[in-house]
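Residue numbers (my numbering): -18 to 161. Following: one structure in structure tokens, then a few remarks.
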Amino acid sequence: MVTGAAPAVADDGDTEREAALARLFELHYTSMLRLATLLGADDPENIVAEAYYELYRRWRKLRSAESAESYLRSVVCNLTRMRIRHLQVVRRHTRTTDSGPEPAAVASAEHTALLHDDQRALIHALRKLPPRQREALVLRHWMGLKEGEIAEAMGISPGSVKTHTARGIAALSQVMENRR
-18 MVTGAAPAVA DDGDTEREAA LARLFELHYT SMLRLATLLG ADDPENIVAE AYYELYRRWR
42 KLRSAESAES YLRSVVCNLT RMRIRHLQVV RRHTRTTDSG PEPAAVASAE HTALLHDDQR
102 ALIHALRKLP PRQREALVLR HWMGLKEGEI AEAMGISPGS VKTHTARGIA ALSQVMENRR
């Protein structure tokens, strides 16, 4: 007869959380990956995986299960922003300590899928926008969010969302017009 601790059994809360996360993953993984890619992440798969992990960790602190998608979107935006800042610092430091050529960026499979000429030009122009304008445009036009949802995801006021969106559209329109 073997004695010892009883096997760990997941409670109903854990089972519900895991089922809800699995549904969120099925429904939103691709759109979160696209969001991270369009915001300029060099490793969108890792950012989205980390965002789902953060959601898993903080599941019990959510106001409701319905807020999980917007929380996930906010985390993807914040992680992408932090990763870009970090890489800028690393690259700046690397350039000052190493006078060699900067390594070429490797495009992810998702980025490579956007091959049409106009799409490439638009994505290129989008990446040149200031980060807040880029985020507002991606959340509005690629993710289809409303101003309030964008404001929540970005942590800014709805008025700032309007400003960033208008300025971003004006800049992209100018670039696309100059192509013709």
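Backbone N, C-alpha and C define an ideal beta-carbon position, used for all residues, glycine too. Here the structure is a predicted model, which means the values were calculated and not measured.
Self-check item: Between the CA atoms of L19 and S55 - distance to the nearest angstrom
Solution: Inter-residue distance for S55 and L19 is about 14 Å (C-alpha atoms, whole angstroms).
Exercise. Kindly indicate which three-state DSSP category R148 falls into: helix, strand or coil?
Key: Helix.
Quiz prompt | Counted within 10 angstroms of its Cβ, other Cβ atoms place H9 as buried (16 or more) or exposed | solution = H9 is buried by the Cβ-count criterion.
Quiz item: Terminal residues of the continuous alpha helix (DSSP H) containing A117?
Solution: Annotation for A117: the continuous alpha helix (DSSP H) segment containing it runs P112 to L118.
Self-check item: contact_flag[the stretch 37 to 50, the stretch 59 to 67] where n(CB pairs < 8 Å) is 3 or more
Solution: Segment contact: the stretch 37 to 50 against the stretch 59 to 67, fewer than three CB-CB distances shorter than 8 Å; contact not assigned.
Quiz item: Looking at C-alpha atoms only, which residue of A147, M124, R4 and A117 is the closest neighbour of I137?
Solution: For the residues A147, M124, R4 and A117, the minimum Cα distance to I137 belongs to A117.
Quiz item: For L43, does the three-state DSSP call read helix, strand or coil?
Solution: L43: coil per DSSP, three-state reduction.
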